[in-house]
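Residues in the sequence shown are numbered from 0 upward in steps of one, following numbering that gives the first Met the number 0.
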Amino acid sequence: MRLFLIHIILTISFLPAALAQLAENVVKANFILNMAKFVEWEDEDTIERFHIGVLGGDEIFAALRNKSRENSLKDKRFDIVQFKRINDIGGVHALYVDKRRNHALKRILEIAIADQILMISDSCPNSEDIMINLLALDMPGSQFEINKANMDRAGLYVPPKLLYHGGSEEDLREMYQASERELSNVQEELERQKAALEKQRAELELRKQQILALNAETARQEEHLKSMIAQAAAQQDSLDQKTALLEEQKTRIGEQQADIEQQSGQLQKQRREIEAGEAFLHRQKQEIESQEQRLKSQQAEIRAQTQTLDLQNREIEQHTLKIEKQQTILYLFIALFALIAAMIFFILRAYHIKRQANKKLEEKNAAISRQKEEIQAQQEQLKVINRKIERQNENIKSSLYYALTIQQALLPPKAEMGKYFESFILYRPRDIVSGDFYWMSEAAPEDGGNEKVFVVVADCTGHGVPGAFLSMIGIKLLASIVKERKEYDPSVILGMLDASIREALQQEKKVSDDGMDVCMCRIEKAGGGKIKLLYSGARRPLYFSSKQKINILPGDRKTVGGRFFKNQVFTNRELWLEPGDRIYLSSDGIADQNAPNRQKFGSKRLAKLLEDSLHLPLDEQKQVLEQALADFQQNEKQRDDMALMAIKL
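1) If you reduce the DSSP assignment to three classes, tell me which class Leu409 lands in.
2) Taking 8 Å as the threshold, find out whether the segment 407-414 comes into contact with the segment 607-615 through three or more Cβ pairs.
3) Going by C-alpha distance, which of Gln547, Phe569, Lys529 and Asp513 is nearest Arg539?
4) Count the other C-beta atoms from every protein chain shown that fall within 10 angstroms of the C-beta of Lys485, then say buried if there are 16 or more, exposed otherwise.
5) In this structure, does DSSP put Glu41 in helix, strand or coil?
6) Does His318 come out as helix, strand or coil in the three-state DSSP assignment?
7) For His50 and Val91, which I take to be in contact (beta-carbon distance under 8 Å), what is that distance rounded to the nearest angstrom?
8) Which same chain residues end up closer than 8 Å to Arg562 when comparing Cβ atoms and leaving out the 5 residues on each side of it in sequence?
9) Alpha carbon to alpha carbon, how far is Gln633 from Ala627?
10) Touching or not, the segment 454-470 and the segment 428-435, by the rule of three or more beta carbon pairs under 8 Å?
11) Beta-carbon separation of Asp128 and Lys105 under 8 Å?
12) How should Arg251 be labelled, buried or exposed, when 16 other C-beta atoms within 10 angstroms of its C-beta is the threshold for buried?
13) Keeping to the same chain, check which residues put their C-beta closer than 8 Å to that of Ile107; ignore five residues upstream and five downstream.
14) Would you mind reading off the limits of the alpha helix (DSSP H) that contains Arg64?
15) So who's on the other strand from Ser422, going by DSSP bridges?
16) Quick check on the burial criterion: 16 or more other C-beta atoms within 10 angstroms. Buried or exposed for Glu635?
17) Using the Cβ count rule (16 or more neighbours within 10 Å means buried), how would you classify Ser398?
18) Beta-carbon within less than 7 Å of Leu72's beta-carbon, same chain only, minus the 5 sequence neighbours each way: which residues are those?
19) Report yes if the CB atom of Ser490 is closer than 8 Å to the CB atom of Ser535, and no otherwise.
20) Determine which residues share a DSSP beta bridge with Gly560 and list them.
21) Gln20: buried (16+ other C-beta within 10 angstroms of its C-beta) or exposed?
22) With distances taken Cα to Cα, identify the nearest neighbour of Ala218 among Asp580, Gly473 and Arg354.
23) At which residues does the beta strand (DSSP E) containing Leu584 begin and terminate?
24) Since Cys520 sits in a beta bridge, which residues does DSSP pair it with?
25) Suppose you measure from the CA of Asp497 to the CA of Pro616; what does that come to, to the nearest Å?
26) If you compare alpha carbons, which of Ala629, His614 and Leu576 is closest to Ile589?
27) Starting from Lys78, trace the beta strand (DSSP E) both ways and give me its first and last residue.
28) What does the alpha-carbon distance come out to for the pair Ala215 and Thr319?
29) Since Asn593 and Leu533 are thought to touch, with beta carbons under 8 Å apart, how far apart are those beta carbons, to the nearest angstrom?
30) Taking the continuous beta strand (DSSP E) assigned at Ser440, which residues delimit it?
31) Report the CB separation of Gln622 from Arg427 in whole angstroms; it is logged as a contact under 8 Å.
32) Between which residues of its own chain and Gln620 is the CB-CB distance below 6 Å, once the five residues before and five after are set aside?
33) Is it right to say Asn70 is buried, meaning 16 or more other beta carbons lie within 10 angstroms of its own, or is it exposed?
34) Once DSSP output is grouped into helix, strand and coil, what is the label at Gly599?
35) Quick one: give me the first and last residue of the beta strand (DSSP E) that Met118 is part of.
36) Give the C-beta separation of Ile424 and Met644 to the nearest angstrom, bearing in mind that I take them to be a contact with Cβ-Cβ under 8 Å.
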């Protein structure tokens, strides 16, 4: 759609004769709609329906109203509103001002800027009071003009292609510089965002590895804890059984101790009785003899009782040993119980530690989730930035391809060069547009002299857009010097070109030190089949063949434009060549091209390659040169713009 609209704009700009066949009001209505389609508002995405106003101009209002019934504006419907007074203006996105209101255009402009309204005027003589001004349809050249500064104040975006057709030279220069700065800033911001994202991704990956290791350790501890809990449960069951058995044994021991105490009481009683008997015997010593029989029987009883007592003592000793053993077992069970209690304590402590670790793990997981959300937000922001960069790149690339079309239109076509010479051009821009250029012009014979043909190959400072701008300036200045000022001396031409470049780029104020290296030849046929060649070079040599050998004619050590050196002038070198000899004019792009091993192609290699292929026709020689360059360069990126012109005299 945009390309179609561009064709319409170009048709308006370059085919006024065809427009004359249409009604003037319909043409103006189409122009207003086309301009509105190109311009972008800041809140354009929120606009559901466009409103276009007309101040005066009943015919334009009627034509636009008819258009609104059938057409759309940026795939949205639009309404047409007519204003009779300036104070009524408002609530519209675009406003057409009839030329009868041009006397109040400054006041209308301030209203349009304040309300972000695209103002389209008609035949306004003062460019400071306009945004987009429709010029007379029957006038040659551009049919409209643009004041980019006023549109910027209103917050309206003007695409480069539209500005190229209607903007001033200052607007074009500002547009290029702003595009360069904005692209540089966006690229720097993108690099910073990418670096930050990579750093966060690395940190996230490290934290993931740490979490995985912590999860594995936690799982291992859980398995160990489960095993210990199972062992503790089994030991607790065994301890309960042994505790019950121990209680039962303690009960039995208590009963036995009661029996022993009872028997000991009886024994003590018997001992007291024995002691009483002995005392009685002692007191009744005289009666012993008389009671000897009774005493013997009593002694026998005593012996029997003593044996019984010894037996009971042995039993008591056995019971005592048994009790000691049972006490030892009890102590062992108590120690085992304490050990199990300690194990349970450590198990519970490990469980508590695990709960704390799980809590910390949950906190870390929450932090990771927050970081993930932040990263996702940054990724979304990065996508928005990428879309903005892609849009800017598309606009810049579109502008560059359009500039390429203009630059190629300024270069001499092959058919024009074929009128005078058999030749070939090897022309390879490093970027879309090139800082190298070639040029050709002829001068009619004067005062019975010979026809003169001028050929030039120049290498401008830089490449891409800056070099392309400088090359277009060089082409225009060369055409002006040779065709308009009719200066035919190569050294003088280079001197005038140098002065013009310095003046155009304000180099006396040290605004820039850009310049160009130039190789220039003037060719004219002389009598006797000889060809006279007058050469002047600015830091570029001339390669020429003579007797199947390549010779190199150096240029002056001075550039056109750039840094200024006193007492340096351009000089001419005169050559007389034969028909069939060849000359080669080139920039330094081929010689400076490097291979993957960083070795340069070099001037000597180029001269040797040209000499070895002198026996070939020009088109085959070009193929040999291209193949040699491709074999040398391989996959290495092109370093600079390349330009080489070969001419067979």
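A virtual CB, placed ideally from N, CA and C, is assigned to each residue, including glycine. In this text, all values refer to a predicted model and were calculated from it rather than measured experimentally.
Taking the structure as given:
1) Judged by DSSP in its simplified three-state form, Leu409 adopts helix.
2) The answer is no - the segment 607-615 does not touch the segment 407-414, with fewer than three Cβ pairs under 8 Å.
3) Relative to the Cα of Arg539, the nearest Cα in the group Gln547, Phe569, Lys529 and Asp513 belongs to Phe569.
4) It is exposed - the Cβ of Lys485 has fewer than 16 other Cβ atoms within 10 Å.
5) In the structure shown, Glu41 falls within a coil segment according to DSSP collapsed to helix, strand and coil.
6) Residue state, collapsed to three classes: helix.
7) Indeed they touch by this definition, with Cβ atoms about 4 Å apart.
8) Excluding sequence positions up to five before and after Arg562, its CB lies within less than 8 Å of the CB of Asp512 and Gly514, all in the same chain and listed in chain order.
9) Straight-line Cα distance between these residues: approximately 10 Å.
10) With the rule of 3 Cβ pairs closer than 8 Å, the segment 454-470 counts as touching the segment 428-435.
11) Against a cut-off of 8 Å, the Cβ pair of Lys105 and Asp128 comes out as a contact.
12) With fewer than 16 other Cβ atoms from the protein chains shown falling within 10 Å of its own Cβ, Arg251 counts as exposed.
13) Counting only Cβ-Cβ distances below 8 Å, and skipping sequence neighbours, we find Leu54, Ile85, Ile88, Leu94, Val96, Arg100 and Met118.
14) Following the DSSP letters along the chain, one finds Arg64 inside the alpha helix (DSSP H) bounded by residues Asp57 to Glu69.
15) Paired residue(s): Ile646.
16) The C-beta of Glu635 has fewer than 16 other C-beta atoms within 10 Å across all chains shown, which makes the residue exposed.
17) Counting of Cβ neighbours within 10 angstroms places Ser398 among the buried residues, the total reaching 16 or more.
18) For Leu72, same chain residues with a beta-carbon under 7 Å away, outside a window of 5 residues either side, are Leu32, Ala35, Lys36 and Phe49 in chain order.
19) Against a cut-off of 8 Å, the Cβ pair of Ser535 and Ser490 comes out as a contact.
20) Partner(s): Gly514.
21) Residue confidence is low: Gln20 scores 38 on pLDDT, short of 50, so the model does not pin down where it sits. No coordinate-derived value is stated.
22) Checking every option, the nearest Cα to that of Ala218 belongs to Arg354.
23) Start and end: Arg581 to Ser585.
24) Residue pairing by DSSP puts Cys520 in a beta bridge opposite Val454 and Tyr534.
25) Those two C-alpha atoms are separated by around 36 Å.
26) Nearest C-alpha to Ile589: Ala629.
27) The question names Lys, but residue 78 in the sequence shown is Asp. Unbroken beta strand (DSSP E) run through Asp78: Phe77 to Phe82.
28) The alpha-carbon atoms of Ala215 and Thr319 are separated by roughly 57 Å.
29) With a Cβ gap of about 35 Å, Asn593 and Leu533 do not count as contacting.
30) Start and end: Asp435 to Ala442.
31) In this structure Gln622 is not in contact with Arg427, their Cβ atoms being roughly 14 Å apart against a cut-off of 8 Å.
32) These residues qualify, in order along the chain: Ser612.
33) Burial call: exposed.
34) The identity of residue 599 in the sequence shown is Lys, whereas the question assumes Gly. Residue state, collapsed to three classes: strand.
35) Looking at the DSSP string, the run of the beta strand (DSSP E) that includes Met118 is Leu117 to Asp121.
36) That pair is a contact at about 6 Å.
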